[in-house]
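For reference, the structure is listed below as structure tokens.
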Ligand SMILES: [Zn+2]
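Numbering (the working numbering), first residue to last: 201 to 286.
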């Protein structure tokens, strides 16, 4: 497994077939794993980097609080703009 520390302190783990993100101060078991082939984007915010992912139904999901509560956020908007070739 290859592990690198991101600028926001999170650790990115790469292992065959999977990529994982571990938050600082959280145990390895809390690592969020994405299967290869899953589409996801790292969106840099002011303090944190958020991962926006696309599920098997082509729905975009973000891990930030805004999305958790409102089902929409600026990170998803940013990804949509990128997908639209902006
Ligand atoms: Zn978000």
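The beta carbon of each residue, even a glycine, is placed where N, CA and C say it ideally should be. Since this is a predicted model, take the numbers as computed values, not measurements.
Of the residues the options, which one's Cα is nearest the Cα of residue i?
i           : options            : result
residue 201 : 275, 239, 208, 220 : 220
residue 222 : 237, 203, 276      : 203
residue 255 : 269, 242, 238      : 238
residue 208 : 266, 251, 236      : 251
residue 227 : 218, 213, 274      : 213
residue 206 : 272, 248, 285      : 248
Can you say whether residue i is buried or exposed, counting buried as having 16 or more other CB atoms within 10 angstroms of its CB?
i           : result
residue 283 : exposed
residue 210 : buried
With residue i and residue j assumed to form a contact (beta carbons below 8 angstroms), what rounded beta-carbon distance in angstroms separates them?
i           : j           : result
residue 260 : residue 243 : Not quite, the Cβ-Cβ distance comes to about 11 angstroms (not below 8 angstroms), so this is no contact.
residue 269 : residue 253 : Between residue 253 and residue 269 the Cβ distance is about 18 angstroms, and since that is not below 8 angstroms, they are no contact.
If you drop the 5 nearest sequence neighbours on each side, which residues of the same chain put their C-beta closer than 6 angstroms to that of residue i?
i           : result
residue 236 : 217
Less than 7 angstroms between C-beta atoms, sequence neighbours within five positions excluded: which residues of the same chain meet that for residue i?
i           : result
residue 278 : 243
residue 262 : 250, 252, 273, 275, 276
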